[in-house]
Amino acid sequence: MKNQDNEQFELGLSTEELERRTNKDALPSTTMLKVDAPEFENLAEGDKEALKHLVKAGKILEEVHLQLDNPKNIPFREFLKKEIANGNKDAEMTMKLFLGQKGMNALDTESNMINLAKGVEETDGKGFYPQDLKAEEFQNILIKMLKDGKDEEVAKIVNQRSVVFRDGENLKAVDYTELFKDEFEKMAQEFEKAAETSTNADFAEYLKLQAKALRVADPMADAYADKKWATLQDTPLELTITRECYDDTLSTSISENKELLQMLDERGIQVYPKDSLGCRVGIVNKESTNDLLKIKKFLPEMAKLMPFNDQYEQNIKPEGDSKQTMVDVDLLMLAGDCGAYRGGVTLAENLPNDDKMSLTIGGGRRNVYHRQIRLGAKPEKVKERLDAILDSEQHKYYNLEADHWFTIGHENTHSLGPTQGREKLGKYQSIIEEHKADVGAISCIDMLTEKGMYTEEQRLQILVSFAVDNFLKAKPELTQAHRVRSVMQTNFLERENAVVVNENGIIHVNVENVVPAAQKMLKEAIRVQLSQDVNEAEKYVNEYFVWDDACENVAKNVRKISKKLNGFLETPLADKLAEE
Ligand SMILES: [Zn+2]
Numbered sequence: 021m022k023n024q025d026n027e028q029f030e031l032g033l034s035t036e037e038l039e040r041r042t043n044k045d046a047l048p049s050t051t052m053l054k055v056d057a058p059e060f061e062n063l064a065e066g067d068k069e070a071l072k073h074l075v076k077a078g079k080i081l082e083e084v085h086l087q088l089d090n091p092k093n094i095p096f097r098e099f100l101k102k103e104i105a106n107g108n109k110d111a112e113m114t115m116k117l118f119l120g121q122k123g124m125n126a127l128d129t130e131s132n133m134i135n136l137a138k139g140v141e142e143t144d145g146k147g148f149y150p151q152d153l154k155a156e157e158f159q160n161i162l163i164k165m166l167k168d169g170k171d172e173e174v175a176k177i178v179n180q181r182s183v184v185f186r187d188g189e190n191l192k193a194v195d196y197t198e199l200f201k202d203e204f205e206k207m208a209q210e211f212e213k214a215a216e217t218s219t220n221a222d223f224a225e226y227l228k229l230q231a232k233a234l235r236v237a238d239p240m241a242d243a244y245a246d247k248k249w250a251t252l253q254d255t256p257l258e259l260t261i262t263r264e265c266y267d268d269t270l271s272t273s274i275s276e277n278k279e280l281l282q283m284l285d286e287r288g289i290q291v292y293p294k295d296s297l298g299c300r301v302g303i304v305n306k307e308s309t310n311d312l313l314k315i316k317k318f319l320p321e322m323a324k325l326m327p328f329n330d331q332y333e334q335n336i337k338p339e340g341d342s343k344q345t346m347v348d349v350d351l352l353m354l355a356g357d358c359g360a361y362r363g364g365v366t367l368a369e370n371l372p373n374d375d376k377m378s379l380t381i382g383g384g385r386r387n388v389y390h391r392q393i394r395l396g397a398k399p400e401k402v403k404e405r406l407d408a409i410l411d412s413e414q415h416k417y418y419n420l421e422a423d424h425w426f427t428i429g430h431e432n433t434h435s436l437g438p439t440q441g442r443e444k445l446g447k448y449q450s451i452i453e454e455h456k457a458d459v460g461a462i463s464c465i466d467m468l469t470e471k472g473m474y475t476e477e478q479r480l481q482i483l484v485s486f487a488v489d490n491f492l493k494a495k496p497e498l499t500q501a502h503r504v505r506s507v508m509q510t511n512f513l514e515r516e517n518a519v520v521v522n523e524n525g526i527i528h529v530n531v532e533n534v535v536p537a538a539q540k541m542l543k544e545a546i547r548v549q550l551s552q553d554v555n556e557a558e559k560y561v562n563e564y565f566v567w568d569d570a571c572e573n574v575a576k577n578v579r580k581i582s583k584k585l586n587g588f589l590e591t592p593l594a595d596k597l598a599e600e
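Residue numbers for the sequence shown follow my numbering, so the first one is 21 and each next one is one higher.
This is the structure we're talking about:
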């Protein structure tokens, strides 16, 4: 990076706004493992030593995330540091927000875009593309480059793992491993050191493969690392380099340009949105992992329930062994993209995603659940919310643990359904995929209850909690895949008389209608995925992404009692180990 040390900025928020957003009700923290955590104390010495190196690598990756998110992030942070040293209180508050959302721009819990510096707004291409590049020019340049026979360069531009720069009239792509050579080399060295002391041979082997993948511009190297990673079940430690593609809406804009799409198709070039990078470091919780594994034997049955399943291959086959591992993890850190608090932080992840090559060489997938995020919810806050929005008769069916059971169904359902051509759905691909995982999980509830996975009581709790949690605090933006799908589901459940909201914004769930409604939606979602047609996806999303009076009346009640606007993760043990 060039010398950006002295770049000047103007703070984006007023003193009053900063005070409102940084008080502890508006910006509560969630604490990862503490310095005296027994989970850490109980580890073998070699694993304790390995963790030191893993958190160091995580901190390095966080710097890469910041650059991919917005090229101004690091200069802005340096500017804030200087201002804070000069006693600027506003800069101090701005820094709190910056550290929580891990970047200058983020949506809050009410889907307001928060820009921490004046004039520095989020672009469609984030830090992956030139800041002044807009969709139309981008597409025209690609068409011209293809006409000029620059197919190979275009393929690099539209892959998941490159940053794109202007090159005269053209564009050029630089692979992450080249652009972040220094950072990745340091990370690779930390992984190798961790591999030396790790007490688990499989984990050590994964670390070595991951180190190698950071040093070469070759997706197959990642594939071998991912393949090994996905087999890890009985390891004391957890490390993931998360690669998820929710942020880049410039690449996905290509799906709206028929001429360009056809040219790419003819040349066999696939377009993928860019990967944001994150790093998860933790300790596997054996006991709660055993609870998770109970669902494993039912996965083939779930695969059988997927609609139209004779028309596609699934990651989990209806017959035979499922290559799916799952662990519940006590977290030391969520660094970079996966820990950026932008209205929330994810409860779990199922990786690698279907665009990754490990799945083409026989690799499976692995689910990792985030204990500290899940257990961070405060019971009194939950009760307050229920009082504000749910029929008091049904409070007994709302259960935080049920939300976890539902999440288990959701994550596993990501491994079900069609795997091909999701990228053809352009900016709707993530919405449809998240939606499929939700309604797929609910669709299987009756089968899982019959087979003894859940009791009848737990079944009711999952259904009521699901229906209630689809109601949001504010209307989301179309870029918020996880939230848009919630609104769609609420709308559908209303149409099917599965939820009813009175004029005071109080929800009643007609439980018997929830599963049939989810099954109907699942059929639609899979039909859209199979169509591989962005117009079908758009039609479907527009049909149900309707923020109606019911949504708004419930949201009003939530906003009245919840002052939370964002949050941040505290990582005391990781911070200490990184210093050692
Ligand atoms: Zn998901």
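Even glycine gets a Cβ: it sits at the ideal position worked out from N, Cα and C.
Name the two residues that bound the continuous alpha helix (DSSP H) containing His-390. Counting from 1 along the sequence shown, the entry for residue 390 is found at position 370. First-last for His-390: 385-390, but that is the beta strand (DSSP E), not the alpha helix (DSSP H).
Burial state of Pro-399 (16 or more Cβ within 10 Å): In the sequence shown, counting from the first residue as 1, residue 399 sits at position 379. The residue is exposed, with fewer than 16 neighbouring Cβ atoms inside 10 Å.
Using the beta-carbon count (16 or more within 10 Å), is Pro-536 buried or exposed? To locate residue 536, count along the sequence shown from 1; it is residue 516. Pro-536 comes out exposed.
In angstroms, rounded to a whole number, what distance separates the CA positions of Ile-558 and Asp-268? The sequence position of residue 558 within the sequence shown is 538, counting from 1. The sequence position of residue 268 within the sequence shown is 248, counting from 1. Checking the sequence, you will find Glu at residue 558 rather than Ile. The alpha-carbon atoms of Glu-558 and Asp-268 are separated by roughly 18 Å.
Is Glu-333 helix, strand or coil by DSSP? Mapped onto the sequence shown, residue 333 falls at position 313. Correct three-state label for Glu-333: coil.
Distance CB(Tyr-292)-CB(Gln-440) smaller than 9 Å: As a first step, residue 292 is located in the sequence shown; it is residue number 272 there, counting from the start. As a first step, residue 440 is located in the sequence shown; it is residue number 420 there, counting from the start. No, Cβ-Cβ distance for Tyr-292 and Gln-440 is not below 9 Å.
Is it the case that the CB of Ala-601 approaches a heavy atom of ligand 1 more closely than 8 Å? The structure shown does not extend to residue 601, since the chain is modelled only from 21 to 600, so the question has no answer here.
Near Val-574, which residues of its chain fall below 7 Å by C-beta distance, leaving aside the five closest residues on each side in sequence? The residue you call residue 574 lines up with position 554 of the sequence shown. Ile-409, Phe-491, Val-521, Gly-525, Ile-527, listed in sequence order.
Under 8 Å by Cβ, that's how I've got Gly-302 and Val-236 pegged, so tell me the actual separation to the nearest angstrom. As a first step, residue 302 must be located in the sequence shown, where it is residue number 282. As a first step, residue 236 must be located in the sequence shown, where it is residue number 216. Between Val-236 and Gly-302 the Cβ distance is about 27 Å, and since that is not below 8 Å, they are no contact.
Could you please give me the residues that DSSP links to Phe-588 through a beta bridge? Position 568 of the sequence shown, counted from the start, is the residue given in the question as residue 588. According to DSSP, which records beta bridges pairwise, Phe-588 is partnered with Ser-49.
Between Asp-45 and Lys-584, which are expected to be in contact by the criterion C-beta below 8 Å, what is the C-beta distance as a whole number of angstroms? Taking the first residue of the sequence shown as position 1, residue 45 is located at position 25. Taking the first residue of the sequence shown as position 1, residue 584 is located at position 564. So it is a contact: roughly 7 Å between Cβ atoms.
Applying the 10 Å Cβ sphere with the 16-neighbour rule, what's the burial state of Met-21? Here residue 21 is taken as the residue at index 1 of the sequence shown, counted from 1. Residue confidence for Met-21 is low, a pLDDT of 45 falling below 50, so the modelled location carries little weight; the figure read from the coordinates is stated next. Flag for Met-21 reads exposed.
Out of Glu-37, Glu-103, Asp-144, point me to the one whose CA is closest to Asn-90's CA. The residue given as residue 90 occupies position 70 in the sequence shown. Closest by alpha carbon: Asp-144.
Using the Cα positions of Met-240 and Tyr-474, report the straight-line distance between them to the nearest angstrom. The residue given as residue 240 occupies position 220 in the sequence shown. The residue given as residue 474 occupies position 454 in the sequence shown. Straight-line Cα distance between these residues: approximately 40 Å.
If you drop the 5 nearest sequence neighbours on each side, which residues of the same chain put their C-beta closer than 6 Å to that of Glu-258? Working through the sequence shown from its first residue, we reach residue 258 at position 238. Excluding positions up to five away in sequence, the list reads Gly-302, Val-304, Val-349.
For Ser-308, the three-state DSSP class (helix, strand or coil): The residue labelled residue 308 in the question sits at position 288 within the sequence shown. Looking at Ser-308 - three-state DSSP - the assignment turns out to be helix.
To the nearest angstrom, report how far apart Glu-141 and Thr-499 are at their CA atoms. As a working note, residue 141 is residue 121 in the sequence shown. As a working note, residue 499 is residue 479 in the sequence shown. Each residue's alpha carbon lies about 15 Å from the other.
Is Cys-358 helix, strand or coil by DSSP? Reading the sequence shown from its first residue, position 338 is the one you call residue 358. Helix.
Ignore the nearest five residues each way along the sequence and tell me which others in Ile-546's own chain have a CB closer than 8 Å to its CB. Here residue 546 corresponds to residue number 526 of the sequence shown, with the count starting at 1. Hits under 8 Å: Met-326, Pro-327, Phe-328, Gly-437, Pro-438, Lys-456.
Go ahead and pull the three-state DSSP assignment for Ile-462. By 1-based counting over the sequence shown, the position of residue 462 is 442. Looking at Ile-462 - three-state DSSP - the assignment turns out to be helix.
From Tyr-418 to Leu-542, what distance separates their C-alpha atoms? Counting from one through the sequence shown, the residue named residue 418 turns up at place 398. Counting from one through the sequence shown, the residue named residue 542 turns up at place 522. Between Tyr-418 and Leu-542, the C-alpha separation is close to 24 Å.
Report all residues from its chain with a CB closer than 7 Å to the CB of Ile-393; omit the five preceding and five following residues, and keep chain order. Position 373 of the sequence shown, counted from the first residue, corresponds to residue 393. Only Thr-50, Val-365, Leu-367 meet the Cβ criterion.
Arg-263 versus Asp-222: straight-line alpha-carbon distance, rounded: On the sequence shown, residue 263 is found 243 positions in, with the first residue counted as 1. On the sequence shown, residue 222 is found 202 positions in, with the first residue counted as 1. If I take the Cα positions, the gap works out to 21 Å.
Within 10 Å of its beta-carbon, does Ser-412 have 16 or more other beta-carbons around it, so buried, or fewer, so exposed? Residue 412 sits at position 392 when you count from the first residue of the sequence shown. Its Cβ having fewer than 16 others within 10 Å, Ser-412 is exposed.
Bridge partners of Lys-192, per DSSP? Start at 1 with the first residue of the sequence shown, and residue 192 comes out as number 172. DSSP, once it has assigned bridges, lists Phe-185 as partnering Lys-192.
List the residues that DSSP assigns as beta-bridge partners of Ala-518. In the sequence shown, counting from the first residue as 1, residue 518 sits at position 498. In DSSP, Ala-518 forms no bridge with anything.
Please find out if some non-hydrogen atom of ligand 1 comes closer than 8 Å to the beta-carbon of Ala-545. The residue labelled residue 545 in the question sits at position 525 within the sequence shown. Checking the Cβ of Ala-545 against ligand 1 gives no.
Within this structure, are the beta carbons of Phe-512 and Tyr-564 separated by less than 9 Å? Position 492 of the sequence shown, counting from 1, holds the residue named residue 512. Position 544 of the sequence shown, counting from 1, holds the residue named residue 564. In contact: Phe-512 and Tyr-564 (Cβ atoms closer than 9 Å).
Is Ala-300 helix, strand or coil when you go by DSSP? Your numbering for residue 300 matches position 280 in the sequence shown. Correcting the residue type first, residue 300 is Arg in the shown sequence and not Ala. Here Arg-300 sits in strand by DSSP.
Answer yes or no: the CB of Asn-387 versus the heavy atoms of ligand 1, is any distance below 8 Å? Indexing the sequence shown from 1 puts residue 387 at position 367. Result no, Cβ not under 8 Å from ligand 1.
Cα separation between Lys-555 and Glu-69? Working through the sequence shown from its first residue, we reach residue 555 at position 535. Working through the sequence shown from its first residue, we reach residue 69 at position 49. The sequence as given places Asn at residue 555; Lys does not occur at that position. Distance between the alpha carbons of Asn-555 and Glu-69: 52 Å.
Residue ranges of each beta strand (DSSP E) within the region 469-549, 3 or longer: 519-521, 527-529
Beta-carbon proximity list for Ala-518, same chain, < 6 Å, skipping 5 on both sides: For the purposes of this step, residue 518 is identified with residue 498 of the sequence shown, where counting begins at 1. Taken in chain order, the residues that qualify are Asn-530, Asn-533, Val-534, Ala-537.
In three-state terms, what does DSSP make of Met-133? Taking the first residue of the sequence shown as position 1, residue 133 is located at position 113. Note: Met-133 maps to strand in three-state DSSP.
If I measure Cβ to Cβ from Ile-381 and keep anything under 7 Å in the same chain, skipping five residues before and after, which residues do I get? Mapped onto the sequence shown, residue 381 falls at position 361. These residues qualify, in order along the chain: Ala-243, Lys-247.
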